[in-house]
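A.B. asks: Protein sequence lines correspond, in order, to chains A and B. Take the first sequence: its letters are residues 122 to 254, numbered as in my numbering. Take the second sequence: its letters are residues 122 to 254, numbered as in my numbering. Glycine residues also receive a C-beta, built at the ideal position from the N, C-alpha and C atoms. Predicted model, so just to flag it, every value in this text is computed and none were measured.
Number of protein chains: 2
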Amino acid sequence: MFSVSARTQYAIRAMTCLATKPDRSSTSAEIAQAENIPAKYLEGILSRLKAFGLIESERGKNGGYRMAKNPSDITMLEIVEAIDGRIKPVTCVDAIGACAQGAACHPRNFWIGLKSTIDAYLAERTLKDVAQG
Amino acid sequence: MFSVSARTQYAIRAMTCLATKPDRSSTSAEIAQAENIPAKYLEGILSRLKAFGLIESERGKNGGYRMAKNPSDITMLEIVEAIDGRIKPVTCVDAIGACAQGAACHPRNFWIGLKSTIDAYLAERTLKDVAQG
DNA sequence: TTAATTCCTATCTGGATAGTAGGAATATAT
DNA sequence: ATATATTCCTACTATCCAGATAGGAATTAA
Ligand code: FES
Ligand code: FES
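1. For the alpha helix (DSSP H) that contains residue 204 of chain A, what are its first and last residues?
2. Quick one, which residues of the stretch 123-143 of chain A are near chain B if we go by CB-CB under 8 angstroms, in chain order?
3. I'd like to know whether the C-beta atoms of residue 126 of chain B and residue 122 of chain A end up nearer to each other than 8 angstroms.
4. Assign residue 207 of chain B to buried or exposed, taking buried as 16 or more other Cβ atoms, counted over all protein chains shown, within 10 Å of its Cβ.
5. Taking all protein chains shown into account, decide if residue 199 of chain A is buried (16 or more other Cβ within 10 angstroms of its Cβ) or exposed.
6. Given a limit of 8 angstroms on CB to CB distance, which residues of the stretch 179-197 of chain B reach chain A?
7. Reducing DSSP to helix, strand and coil, say where residue 247 of chain A ends up.
8. Going by DSSP, what residues sit across from residue 176 of chain B in a beta bridge?
9. Please find out if some non-hydrogen atom of ligand 2 comes closer than 7 angstroms to the beta-carbon of residue 130 of chain A.
10. With a cut-off of 8 angstroms on the beta carbons, I'd call residue 252 of chain A and residue 155 of chain A a contact; round off their distance for me.
11. If the cut is a Cβ gap below 8 angstroms, which residues of chain A does residue 253 of chain B touch?
12. Residue 193 of chain B by DSSP, collapsed to three states: which one?
13. From what residue to what residue does the alpha helix (DSSP H) around residue 133 of chain B run?
14. Report the rounded CA-to-CA distance for residue 211 of chain B versus residue 229 of chain B, giving the unit in angstroms.
15. Would residue 167 of chain B pass as a contact of residue 176 of chain B if the rule is Cβ separation under 8 angstroms?
16. DSSP puts residue 146 of chain B in a beta bridge; with which residues?
17. Given a cut-off of 8 angstroms, decide if residue 205 of chain B and residue 129 of chain B are closer than it, judged by their beta-carbon atoms.
18. Go through its chain and collect everything with a Cβ distance to residue 247 of chain B's Cβ below 8 angstroms, but skip five positions before and after it.
19. Can you tell me the Cα-Cα spacing of residue 163 of chain A and residue 226 of chain B, whole angstroms?
20. Could you say which of B:183, B:235 and B:250 lies nearest to residue 244 of chain A if we only look at CA atoms?
21. Beta-carbon of residue 210 of chain A versus every beta-carbon of chain B: anything under 8 angstroms?
22. What do you get for residue 147 of chain A, buried or exposed, if any count of 16 or more other CB atoms within 10 angstroms of its CB means buried?
23. Does residue 215 of chain A have its Cβ less than 8 angstroms from a Cβ in chain B?
24. Under the criterion of a Cβ to heavy atom distance below 7 angstroms, does residue 159 of chain A qualify as lining ligand 2?
25. Candidates B:149, B:174 and B:144: which alpha carbon is nearest residue 182 of chain B's?
Have a look at this one:
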C-alpha cells in the first residue's frame, strides 16, 4: 500500500546523482554503478526522464546524460509523474462512479484529499532539497 | 504508484456501510450487495477487520457483523493498517541501508517525510468523517 | 574503422492481487 | 431433531505487472 516502485526510487537516485555533477555528463553505466541500479533497466528510466525534459543526452562516444534544468527548478512531483504518470490512489479520483455508488460515494472525497496531500508534499520539495539530504 | 488496493477500498466501503447501521448487525452478503463487493472476497476482509478489533460478529442464523467501536473512535489509518499492514513507501523507511547508500542516502529522509505526511492524513480522519462524506 | 554510447523492441519471470470453491463450525427457528 | 442461515477456515486458480534481461540498431568521437 502506497509503496513506491523501484523504478521511481531508481529515477530519484539517478537524478540526485546527476544533480551533483552539473558540469559534465555521466553515462548510464556510470550512474548505474554509483547508485547500484541494474544498468539495462536504468536506460529505460533515463529515456523517460529525457522524454519529460528533465534531462538531456548525447549519443555516441563521450555521450551521456546531464541535467536539463537547475535542480532547484525540478520538483519531486515532476520526477514521480514522469516515471509513473499521474498519481491516482483510486481510479475514481479521475473518473467518478467507479465504485457503483456514483456521485453519492462518500469515500471518494477522502481519496481525493489524500491525493492532494501527497501531491502537495511532492510539489513542495525540489531535487535540490533531496540531493542535499 | 501510491495506489490503494481493492481490498482496502472494499474494507472502507464495508466499514462505512456498517457505520451507518449501528443498531443492528449486517450479514456479509448484505454488505457485499449494498457496496458492490465480491461476496466471498468480502468475507476474508471482514475477518481481518474483526481480528483487528474494529468490528464484531456472530455466527449462525441471524448472525452478522456490527461495529465494535464508535465510528468517531476509528481512524482511517487503523482501517488501512488492519488490511495492508504498516505503510512503507520504501523498504528503507524501517530498515536503513536498503539502497546500498547506507546512512548516506539522501532520498531516505524524503521518503520518511512522505510516510509521515500520509500517516498524518489518515490518522486525522475518522470513519465517522468519511461515512458522512 | 573502431569503440563507446544512447536508443529501441522484444521477451522472460516471480510474486502479488483479485477472485473462486468447498465445506466445517455454529447458532437460530420451527 | 432438523433445516436453514450464517461466519469462518483452507486451499486453489487466474491474471496482471513490476522488475529485469537480451540483442542489436543508430549515432558520435577518436
Ligand atoms: S467512486 Fe470511488 S470509492 Fe466510490
Ligand atoms: S536507504 Fe532508502 S533510498 Fe537509500
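C.D. replies: The short version:
1. Residues 197-205.
2. In summary, the residues of the stretch 123-143 of chain A whose CB is separated from some CB of chain B by less than 8 angstroms are 123, 124, 125, 126, 129, 130, 133, 134 and 137, in the order they occur in the chain.
3. Less than 8 angstroms separates the beta-carbon of residue 126 of chain B from that of residue 122 of chain A.
4. Looking at its Cβ environment, which holds fewer than 16 other Cβ atoms inside 10 Å, residue 207 of chain B is exposed.
5. The residue is buried, with at least 16 neighbouring Cβ atoms inside 10 Å.
6. From the stretch 179-197 of chain B, only 197 have a Cβ closer than 8 angstroms to chain A.
7. If DSSP states are grouped into helix, strand and coil, residue 247 of chain A belongs with the strands.
8. B:188.
9. For residue 130 of chain A, the shortest C-beta to heavy atom distance toward ligand 2 is below 7 angstroms.
10. The C-beta distance from residue 252 of chain A to residue 155 of chain A rounds to 13 angstroms, too long to fall under 8 angstroms, and the pair is not in contact.
11. Residues of chain A passing the Cβ test: 227.
12. It is helical.
13. First-last of the alpha helix (DSSP H) with residue 133 of chain B: 127-140.
14. If you take the alpha carbons of residue 211 of chain B and residue 229 of chain B, they lie about 9 angstroms apart.
15. In terms of Cβ geometry, residue 167 of chain B and residue 176 of chain B form a close pair [threshold 8 angstroms].
16. Answer is none; residue 146 of chain B lacks a bridge partner.
17. Yes, these two residues count as a Cβ contact at 8 angstroms.
18. Result list for residue 247 of chain B: 192, 193, 194, 195, 196 and 197, in chain order.
19. Here the alpha carbons of residue 226 of chain B and residue 163 of chain A stand approximately 19 angstroms from one another.
20. Of B:183, B:235 and B:250, the residue nearest in Cα terms is B:235.
21. With 8 angstroms as the cut-off, residue 210 of chain A counts as an interface residue toward chain B.
22. Per the 10 Å Cβ criterion, buried.
23. No, residue 215 of chain A lies away from the interface with chain B (no Cβ there is under 8 angstroms from its Cβ).
24. Answer for residue 159 of chain A: no, Cβ out of range of ligand 2.
25. Restricting attention to B:149, B:174 and B:144, the CA atom closest to the CA of residue 182 of chain B is found in B:149.
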